[in-house]
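Per our numbering, residue 9 is the first one in the sequence shown, and the count goes up by one each step.
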Amino acid sequence: MSRGDAAPTDPVVVALDVGGTGMKCALVRPDGVAVRTERHPTDAARGPAAVVATILDVAEGLADKARADGLTPIAVGIAVPGVVDEARGVAVWSANVGFRDVPLRDLAVRRLGLPTALGHDVRVGGLAEARLGAGRGTGHVLFVAIGTGIAAAHVVDGHAAVGAHGAAGEIGHILVRPDGPRCGCGRPGCLEAVASAAAVGRRYAELAGEAADAPVSAAEVAERAATGEPLASQVWQETVEALADGLASGQALFDVATIVLGGGLAQAGDLLLTPLRAALHERMTFHREPQLVAAALGDEAGCLGAALLAMDAVRGHDHQEKR
Ligand SMILES: [Zn+2]
Numbered sequence: 009m010s011r012g013d014a015a016p017t018d019p020v021v022v023a024l025d026v027g028g029t030g031m032k033c034a035l036v037r038p039d040g041v042a043v044r045t046e047r048h049p050t051d052a053a054r055g056p057a058a059v060v061a062t063i064l065d066v067a068e069g070l071a072d073k074a075r076a077d078g079l080t081p082i083a084v085g086i087a088v089p090g091v092v093d094e095a096r097g098v099a100v101w102s103a104n105v106g107f108r109d110v111p112l113r114d115l116a117v118r119r120l121g122l123p124t125a126l127g128h129d130v131r132v133g134g135l136a137e138a139r140l141g142a143g144r145g146t147g148h149v150l151f152v153a154i155g156t157g158i159a160a161a162h163v164v165d166g167h168a169a170v171g172a173h174g175a176a177g178e179i180g181h182i183l184v185r186p187d188g189p190r191c192g193c194g195r196p197g198c199l200e201a202v203a204s205a206a207a208v209g210r211r212y213a214e215l216a217g218e219a220a221d222a223p224v225s226a227a228e229v230a231e232r233a234a235t236g237e238p239l240a241s242q243v244w245q246e247t248v249e250a251l252a253d254g255l256a257s258g259q260a261l262f263d264v265a266t267i268v269l270g271g272g273l274a275q276a277g278d279l280l281l282t283p284l285r286a287a288l289h290e291r292m293t294f295h296r297e298p299q300l301v302a303a304a305l306g307d308e309a310g311c312l313g314a315a316l317l318a319m320d321a322v323r324g325h326d327h328q329e330k331r
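Dropping the structure here:
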């Protein structure tokens, strides 16, 4: 991450991206440059109350460090996984952090005395990629994060759609294979059950059966496919076809200019992008084909996006009218 030269009274946003195992934290300037970054363990096994206490401690610590460096913390942005009610600032539900209706925004406002925005990790990641990263300058962006699960953010003119219930963008639960494996959500054949990084590793192990020496990661499946290993090639092809079906549905719904792929699976780079572009191209009938590109901000997208969301909240109505 680049570090700009901050002048002493520069405003900064305290930004946290909370995941199941770790939280990425930063002080971010209004132009999207992080001037300090930190990582802390989430240790979700301690339970949601302990995680909330850590979030507030880390946020307060960062605000103090900003002031010690002569910077002015103006807002707090927090990104969490799961279902997030951004309007009420409530972490409604999260499988991997254990949140159930946690009013994180109000808790942060009370503790730090700063305006606070709460966002969904993938949606704010999409926000950052659309405004600062791979989708920059293209207006209509679909950001798709492919990791343990698959989720998306639809960003139009720098704003990500939240949905009526805080659950927009669940592209991982589009049905792509009616006879496919059962998804974590309970239904069979969801995109996520076929083409997430976790699903790719599982499928390879399943086909390899007795021949499997050790668990094989999705990245390794991609590499083995590139060398022509038949089993890996089959699994990778199935993955690409399923993703193309999912993205084609996304394009039919949203008609974006750019699809940005993030998350662990996107690190396969051209091993994924090249066949996926071809498979998506085959599926376009009257729809305009989107550009398909890899995310540019890496795992800092969530943190930067949380900061953008907080700055939008501070600028408020004013900012929206200027658009
Ligand atoms: Zn599902």
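Cβ atoms here follow ideal geometry from the backbone N, Cα and C, with glycine treated the same way.
Buried or exposed for P298, please, with buried defined as at least 16 other CB atoms from any protein chain shown within 10 angstroms of its CB.
-> Result: buried.
Which residue from P56, R75 and D51 puts its Cα closest to that of D20?
-> Checking the sequence, you will find Val at residue 20 rather than Asp. Distances from the alpha-carbon of V20 to those of P56, R75 and D51 put R75 closest.
DSSP three-state assignment for R190, whether helix, strand or coil | In the structure shown, R190 sits in a strand (DSSP, three-state: E or B).
Would you mind sorting P238 into buried or exposed? The rule is 16 or more other CB atoms within 10 Å of its CB.
-> Answer is exposed; the Cβ neighbour count stays below 16.
Flag G180 as yes when its Cβ comes closer than 8 Å to any non-hydrogen atom of ligand 1, and as no otherwise.
-> G180 Cβ: within cutoff of ligand 1.
For P89, count neighbouring C-beta atoms within 10 Å of its own C-beta (all shown protein chains included) and say buried if the count is 16 or more, exposed if not.
-> It is buried - the Cβ of P89 has at least 16 other Cβ atoms within 10 Å.
Under three-state DSSP, which class holds T62?
-> The three-state secondary structure of T62, taken from DSSP, is helix.
From the DSSP output, in three-state form, read off G30 for me.
-> The answer is strand: DSSP assigns G30 an E or B state.
Buried or exposed: which applies to E200, given that a residue is buried once 16 or more other Cβ atoms fall within 10 Å of its Cβ?
-> It counts as buried.
For the beta strand (DSSP E) containing T124, list its first residue and its last residue.
-> Per DSSP, T124 belongs to the beta strand (DSSP E) from T124 to H128.
Beta strand (DSSP E) runs wholly inside the region 226-293, at least 3 long, in chain order | Listed in chain order, the complete beta strand (DSSP E) runs (minimum 3 residues) inside the region 226-293 are 266-270.
May I ask whether a heavy atom of ligand 1 can be found less than 8 Å away from the beta carbon of E200?
-> Yes; taking the cut-off as 8 Å, the Cβ of E200 has a heavy atom of ligand 1 nearer than that.
Taking DSSP as the reference, what is the three-state secondary structure of A161?
-> For A161, the three-state secondary structure derived from DSSP is strand.
Taking the runs of the beta strand (DSSP E) that are 3 residues or longer, which of them lie wholly in the region 61-91?
-> The qualifying runs are 80-88.
Using alpha carbons as the reference points, say which of G271, G28 and L251 lies closest to G134.
-> When each option's Cα is compared against that of G134, the closest is G271.
Extent of the continuous alpha helix (DSSP H) run through A321 | Unbroken alpha helix (DSSP H) run through A321: A309 to K330.
Please find out if some non-hydrogen atom of ligand 1 comes closer than 8 Å to the beta-carbon of R291.
-> R291: no, Cβ never under 8 Å from ligand 1.
Do you know offhand how far A276's Cα is from P283's?
-> When rounded, the distance between both Cα atoms is 12 Å.
Length of the line joining the Cα atoms of A304 and A142 = In a straight line, the C-alpha of A304 is about 5 Å away from that of A142.
Using a threshold of 9 Å, state whether the C-beta atoms of A125 and A309 are closer than that.
-> No, they are not a contact pair.
In three-state terms, what does DSSP make of E94?
-> Coil at E94, not helix or strand.
Whole-angstrom distance between T293 and G59, CA atom to CA atom = The residue you asked about is not Gly; residue 59 is Val in the sequence shown. One C-alpha to the other measures close to 48 Å.
Can you give me the Cβ contacts of P123 inside the same chain, cut-off strictly under 8 Å, excluding the 5 residues immediately before and after it?
-> I82, A83, V84, V117, A318, A321 and V322.
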